[in-house]
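Trainee:
In my numbering, the protein residues as written are 625 to 967.
#1: Kindly provide the ranges of any alpha helix (DSSP H) runs that are 4 or more residues long and lie completely inside the segment 731-768, ordered along the chain.
#2: Contact between the segment 688-707 and the segment 739-750 is defined here as three or more beta-carbon pairs at a separation below 8 Å; is this criterion met?
#3: Am I right that residue 636 and residue 671 are in contact with their C-beta atoms under 8 Å? What's the rounded C-beta distance?
#4: Using only alpha-carbon positions, find the residue among 889, 673, 775 and 891 that is nearest to residue 641.
#5: Ignore the nearest five residues each way along the sequence and tell me which others in residue 943's own chain have a CB closer than 6 Å to its CB.
#6: To the nearest angstrom, how far is the alpha carbon of residue 930 from that of residue 956?
#7: Hey, could you find the ends of the beta strand (DSSP E) residue 694 is sitting in?
#8: Is the CB-CB distance between residue 855 and residue 891 below 8 Å?
#9: Kindly indicate the opening and closing residues of the alpha helix (DSSP H) around residue 796.
#10: Please confirm whether residue 791 and residue 761 have their CB atoms less than 8 Å apart.
#11: Span of the alpha helix (DSSP H) holding residue 847?
#12: According to the Cβ coordinates, are residue 730 and residue 763 closer than 8 Å?
#13: Taking just the CA atoms, how far does residue 839 sit from residue 661?
#14: The beta strand (DSSP E) that contains residue 917, what's its start and end?
#15: To the nearest angstrom, how far is the alpha carbon of residue 757 from that of residue 774?
#16: Ordered along the chain, which non-local residues of its own chain (more than five positions away) have a Cβ less than 8 Å from that of residue 834?
#17: Residue 926: which of 946, 934 and 848 sits nearest, CA to CA?
#18: Along the beta strand (DSSP E) that carries residue 952, what are the first and last residues, could you check?
#19: When DSSP labels each residue in this structure, what does residue 842 get in the three-state scheme?
#20: Can you grab the Cα-Cα spacing for the pair residue 961 / residue 896, in whole Å?
#21: In the DSSP assignment, what are the bridge partners of residue 825?
#22: Could you pull out every residue in the same chain whose Cβ sits closer than 7 Å to the Cβ of residue 628, ignoring the five residues on either side in sequence?
#23: For residue 629, which three-state DSSP category applies?
#24: Three-state secondary structure (DSSP) at residue 937?
#25: Whose C-beta lies closer than 7 Å to the C-beta of residue 808 among residues of the same chain, with five residues either side of it excluded?
#26: Terminal residues of the continuous beta strand (DSSP E) containing residue 943?
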């Protein structure tokens, strides 16, 4: 096929588009066979295609052995891949061409995209996971979730069926959404801790209604133990979070001392352009003299920059220990008098 060498396919904002490959563009002898199309495809992005039903309406089973990134947003009626029902000889032609999404059988990403690394989904596409239509049953470098409403709960995406193989996720990104919180105070009664305890990175970007991340909750300790990086951008309503932090103007502090004690694998801490932060640690009740030692076992780089309200790093009485620290930079922190208070 002529499209066998295609490596990147991006289709956006085509409100009337129904199919990517028209059926008559495939040779007649190939129509009723199982065949890999776009076999060299490494990136597929489908954005804002409200009428898109399928990649190809015929009986080809879509398998993309080289696909590394799949980015799908606002494709409400899309069937990701052909299904057994769609390709069944007993199904009628009109059924194949108008197969509804809510009847799609479960699709295993491990089988159709074995080398997928990055998966980016909008709300409508993520619903296929909770409905059991899409199995994320492989190792992924990144899962990115985008364009969710204020009524949505972040964790619903990770509701899982114990009978289905679970993914291994290295990094989670949540962007351009109206979540008010990420992790609630009480652990939900769903099977997700195994999934969420794996990521080493969490990125939150453009979440204007986010009030809490929730990493300070006790049930989050297993997740904190593996977290190496946290990146936050344009979340102006936050009151509690863990670094790295960039341009968050309404914060008073970054995290509590008890939360910090769980950050044993944090390697870099960068805090900059946060206009209201007065201290990095918030002192908690019970932080009496010599209560405990807070150890950043693997922290190597600490940067504090353009923090006009910062008065100190920590005002409590616990001992801070940085055994691996190699580099410290403090710039434009004019009100900072003490790194910590000596009791």
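Quick reminder that beta carbons are idealized off the backbone N, C-alpha and C, glycines included.
Mentor: For this structure:
#1: For the segment 731-768, whole alpha helix (DSSP H) runs of length 4 or above, ordered along the chain, are 733-736 and 747-754.
#2: Judged by Cβ distances under 8 Å, the segment 688-707 makes contact with the segment 739-750, as three or more pairs qualify.
#3: Here residue 636 refers to the residue found at position 12 of the chain shown. Here residue 671 refers to the residue found at position 47 of the chain shown. With a Cβ gap of about 4 Å, residue 636 and residue 671 count as contacting.
#4: Numbered from its first residue, the chain shown carries residue 641 at position 17. Comparing Cα-Cα distances from residue 641 to each of 889, 673, 775 and 891, the minimum goes to 673.
#5: Your numbering for residue 943 matches position 319 in the chain shown. Sequence-distant partners of residue 943 (beyond 5 residues in either direction) whose C-beta falls short of 6 Å from its own C-beta, in its chain, are 917.
#6: For the purposes of this step, residue 930 is taken as the residue at position 306 of the chain shown. For the purposes of this step, residue 956 is taken as the residue at position 332 of the chain shown. Answer to the nearest angstrom: the Cα atoms are 5 Å apart.
#7: Locating residue 694 in the chain shown gives position 70, counting from the first residue. First-last of the beta strand (DSSP E) with residue 694: 693-697.
#8: As a working mapping, residue 855 is identified with position 231 in the chain shown. As a working mapping, residue 891 is identified with position 267 in the chain shown. By the CB criterion at 8 Å, residue 855 and residue 891 fall outside the cutoff.
#9: Reading the chain shown from its first residue, position 172 is the one you call residue 796. Unbroken run through residue 796 is the beta strand (DSSP E), 795-799; no alpha helix (DSSP H).
#10: Along the chain shown, read from residue 1 onward, the residue named residue 791 stands at position 167. Along the chain shown, read from residue 1 onward, the residue named residue 761 stands at position 137. Yes, they are a contact pair.
#11: The count along the chain shown starts at 1 and reaches residue 847 at position 223. 845-848 is the extent of the alpha helix (DSSP H) around residue 847.
#12: For the purposes of this step, residue 730 is identified with residue 106 of the chain shown, where counting begins at 1. For the purposes of this step, residue 763 is identified with residue 139 of the chain shown, where counting begins at 1. No; because the gap between Cβ atoms is not below 8 Å, this pair is not in contact.
#13: Numbered from its first residue, the chain shown carries residue 661 at position 37. Numbered from its first residue, the chain shown carries residue 839 at position 215. Rounded to whole angstroms, residue 661 to residue 839 spans 43 Å at the Cα level.
#14: Walking along the chain shown from the start, residue 917 turns up at place 293. Start and end: 917-919.
#15: In the chain shown, residue 757 corresponds to position 133, counting from 1. In the chain shown, residue 774 corresponds to position 150, counting from 1. Approximately 24 Å, taken between the alpha carbons.
#16: Residue 834 sits at position 210 when you count from the first residue of the chain shown. Exclusion of the five residues before and after residue 834 leaves 803, 804, 805, 806, 828, 859, 861 and 862 as the residues of its chain whose Cβ lies within less than 8 Å of its Cβ.
#17: Along the chain shown, one-based indexing puts residue 926 at 302. That would be 946, whose Cα lies nearest to the Cα of residue 926.
#18: The sequence position of residue 952 within the chain shown is 328, counting from 1. Residue 952 -> beta strand (DSSP E) spans 951-955.
#19: Your numbering for residue 842 matches position 218 in the chain shown. Helix.
#20: Counting from 1 along the chain shown, the entry for residue 961 is found at position 337. Counting from 1 along the chain shown, the entry for residue 896 is found at position 272. Whole-angstrom Cα-Cα distance: 18 Å.
#21: Along the chain shown, read from residue 1 onward, the residue named residue 825 stands at position 201. Note: residue 825 sits in a beta bridge opposite 795 and 853.
#22: Within the chain shown, numbered from 1, the residue matching residue 628 stands at position 4. Annotation for residue 628: 663 and 664 place their beta carbon closer than 7 Å to its own, counting only its chain and skipping 5 residues before and after.
#23: Locating residue 629 in the chain shown gives position 5, where the first residue counts as 1. Residue 629 sits in a helix when the DSSP states are folded into three classes.
#24: In the chain shown, residue 937 corresponds to position 313, counting from 1. Here DSSP, grouped into helix, strand and coil, assigns residue 937 to strand.
#25: By one-based count along the chain shown, residue 808 stands at place 184. Answer for residue 808: 838, listed in chain order.
#26: As a working mapping, residue 943 is identified with position 319 in the chain shown. Unbroken beta strand (DSSP E) run through residue 943: 943-945.
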